[in-house]
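Trainee: Submitted below is the structure of interest, expressed as C-alpha cells.
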C-alpha cells in the first residue's frame, strides 16, 4: 500500500511539473527570457561596436542613443495604435520577425565593415563607410521600435489575458517577468562581453546574428504554443479580428464557439461593408495627417486615463542620475572605486531589485495594489535621503563656487566639441549595463588629477551614495510593478497599446532630459547638484502618485493585517480601512 502510494505521489509530482512546464504561463516566461537576453546582448554590443568603428569615440553611440530615444518619443503612440488595431498573433509575429531580422542584418553589415573598413575608407572618399554607419543606426533603430512593439503586446496585453481574471496571478507573473529582466541585465552583457574580449568584434557580430536567428525560430514556436493554449488571445475588442485565427485554435466544442463566432462574423461583416466606402473617402491629405492625428489622440487619451498621475509619477523616476548607468559609473571611477568593487555593487543592486519584486507580491496581497505603490514610494524616497546626505559629506566634490556650466562655457569659448555621453539604450531602463565594458576589459579610466587619486579621496560620500541607490531599488522596482499593473487593470483592452506606447514615450522623454542635464553640467563638482535635482524629481513623481492614490482611495487610513478567510476573498486586499 505504502509503495503504491509513493509511486502515485511521484507520478503526481512529475505530472505537476510537466503540466507547469507546458503551461502557457511558463512558455510565456521562456519566450520573454529569450527575447530579453537577445535584446540586452544587442543593446550592449551595438554601443561597443560603434565605439570601435569610430576610433574609440562616443559620437556614433551618442547619435544612436538620441535617434532611439527620439524615435520612441515620436512614434510610441503610433506603435501602440498599430498594436491595438491588429490581431494579437499578427502583432507578435510581425514585431518578432522585424526585430530579429533587423538585428541579424545589422550584425552582417557590421561584420563586413570590420573586415573591410580600410577598403571602405578609400571608396568614394569614405562616403560609403558613412553610408554603412547610417544604415547600421537606422536598422538598429527599427529593431528597437519592433522591440518596443513586442514589449507592449506581450508584457502589457498577452500577460493580462493569460492571467485571466485572477489579479494575484497577474501580479505574480509581472514580478516574475521583472526578475527575468534583472537577471538578463547582468548576465547577457557579461556573456557577450566575454566573447568580444577573448574573440573579436567580428566574432561578436556573428554570434549575435546567429543567436537572434535561432532565438527567433524558438520564440515564434513558443508564441504559437501560448496562443493555442489561451483561446482568449484570439478575441480582441477591436473592429476587425482575423477569423482565420479562431479556426487555428484547437477548441473543444463547436457549441461553445457559436455565440462568439456569431458576434465575430457580424462584426467582420459590418467591417467588410463599410471598408470599401471608407477607402473611397481616403485622400492623400488624410493619409499624411493620420499619423499626426494618432499622435495627438494617443496623448489626449493618456491624459484622460484614470491612472494618468500614476503613469506620470513613474515617468518622473527616469529623470535621475541615481542608477547604475554610464553616468553614475563614470562618477564612481572619479571617486576612486575600482572595477571589482563596482561589479560587486552592481550584483548587490540586482539582488535588491529582485527583493523589490518579492516585496511587491507580498505587499499587494497584504495591503492592496494602490497602497503598495504608496509604501514603495515612501521606501524608495527614504533610501534616497542617504544620497542627499552624501552630497554634503567628506569626499564629495560638490563645490557651489564652481559654476555647473563652467566646463560647457569653456568648451564653447574654445570651439571645442561638447562632451559625448551615451544616451539610454533600454526603454524600461533604470539599469547599469552601460558601465560593464570597463569591468569586462578590467580597465579603469585614467584620472590625471593627483588630488583626486583613490588614496586621497574619502569614501564616506560615495559609500553613502551607493548605499542609497542600492537600497532604493527595492522600492523602485516594487513601485514600477505597481504602476505597470495599474495600467494593465485600468486601461481598456482596446487602448492598451496606444496608452502604453505613450507611457514609453514619457519614460524616454524624461530619460532624455536627464542626459541633457548631464551634458550641460558634466564636471564632477556639479554631480552633487544633479543628485539633488534627481531626488527632487523622484519626490515629484511620488507626489503625483500620492495624489492619484488619494483620488482612488478617498480619505482612508489603512492597517495591513493577516487576512480573515471568512471575510475576504482570496484576491481581495487584506487591509482594514477606516474613514478619517
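Numbering (our numbering), first residue to last: 711 to 1290.
Each residue gets a CB set at the ideal place from its N, CA and C atoms; glycine is no exception.
1) Where does residue 1092 sit, in a helix, a strand or coil, going by DSSP?
2) Counting C-beta neighbours from all protein chains within 10 Å, is the total for residue 1006 16 or more, i.e. buried, or is it exposed?
3) Are the CB atoms of residue 1264 and residue 1188 within a distance shorter than 7 Å?
4) According to DSSP, is residue 1188 part of a helix, a strand, or is it coil?
5) Would you mind sorting residue 1254 into buried or exposed? The rule is 16 or more other CB atoms within 10 Å of its CB.
6) Please state if the CB of residue 765 and the CB of residue 1027 are separated by a distance shorter than 7 Å.
7) Sorted by chain position, which residues of the same chain lie with C-beta nearer than 6 Å to residue 912's C-beta, five sequence neighbours on each side aside?
8) Which residues mark the beginning and the end of the alpha helix (DSSP H) in which residue 866 is found?
9) For the alpha helix (DSSP H) containing residue 1216, list its first residue and its last residue.
10) Please report the straight-line C-alpha distance between residue 729 and residue 837, rounded to a whole angstrom.
11) Would you check if the distance between the CB atom of residue 850 and the CB atom of residue 816 is smaller than 7 Å?
12) Would you give the residue range spanned by the alpha helix (DSSP H) that residue 1102 belongs to?
13) Which whole-angstrom value is the C-beta distance of residue 1071 and residue 882, which I expect to be below 8 Å?
14) Within 10 angstroms of its Cβ, does residue 1013 collect 16 or more other Cβ (buried), or is it exposed?
15) Near residue 726, which residues of its chain fall below 6 Å by C-beta distance, leaving aside the five closest residues on each side in sequence?
16) Look up residue 1195 in the DSSP assignment and say whether it is helix, strand or coil.
17) How many angstroms separate the CA atom of residue 1217 from the CA atom of residue 723?
18) In three-state DSSP terms, what is residue 1008?
19) Helix, strand or coil for residue 987? Go by DSSP, reduced to three states.
20) Put residue 1202 into one of helix, strand or coil per three-state DSSP.
21) Can you name the start and end residues of the alpha helix (DSSP H) that residue 809 belongs to?
22) On a CA-only basis, which of 783, 1227, 854 and 791 is nearest residue 1004? Give me that one, please.
23) What did DSSP end up calling residue 1059 once you bin it into helix, strand or coil?
24) Would you mind stating whether residue 1082 and residue 1074 have Cβ atoms separated by less than 7 Å?
25) Shortest alpha-carbon distance to residue 852 belongs to which of 749, 865 and 889?
26) Check whether the Cβ atoms of residue 1011 and residue 1220 sit closer than 7 Å, and answer yes or no.
27) Buried or exposed: residue 876, going by 16 or more other Cβ atoms within 10 Å of its Cβ?
28) Within 10 Å of its beta-carbon, does residue 1192 have 16 or more other beta-carbons around it, so buried, or fewer, so exposed?
29) Can you have a look at residue 1039 and say buried or exposed, based on whether 16 or more other CB atoms are within 10 angstroms of its CB?
30) Short check: CB of residue 1260 to CB of residue 1185, under 7 Å?
31) Below 8 Å on the Cβ atoms is my contact criterion, and I expect residue 890 with residue 739 to pass it. Report the Cβ-Cβ distance as a whole number of Å.
32) Could you spell out where the alpha helix (DSSP H) holding residue 899 opens and where it closes?
33) Just to confirm my understanding: we take residue 1196, look at its own chain, exclude 5 residues before and 5 after, and list those with CB closer than 6 Å. What are they?
34) Just to confirm before moving on: does the CB-CB distance between residue 1103 and residue 1171 stay below 7 Å?
35) With a cut-off of 8 Å on the beta carbons, I'd call residue 807 and residue 926 a contact; round off their distance for me.
36) Cβ atoms of residue 783 and residue 1215: under 7 Å apart, would you say?
Mentor: The short version:
1) helix
2) exposed
3) no
4) helix
5) buried
6) no
7) 821 and 824
8) Unbroken run through residue 866: none, as it is neither H nor E.
9) 1206-1230
10) 57 Å
11) yes
12) Premise fails: residue 1102 is in no alpha helix (DSSP H) and is neither H nor E.
13) 6 Å
14) exposed
15) none
16) helix
17) 44 Å
18) helix
19) The predicted position of residue 987 is uncertain, since its pLDDT is 44 and thus under 50; a value taken from the coordinates is nonetheless stated next. If DSSP states are grouped into helix, strand and coil, residue 987 belongs with the helices.
20) coil
21) 798-825
22) 791
23) helix
24) yes
25) 749
26) no
27) exposed
28) buried
29) buried
30) no
31) 7 Å
32) 877-908
33) 1017 and 1020
34) yes
35) 7 Å
36) yes
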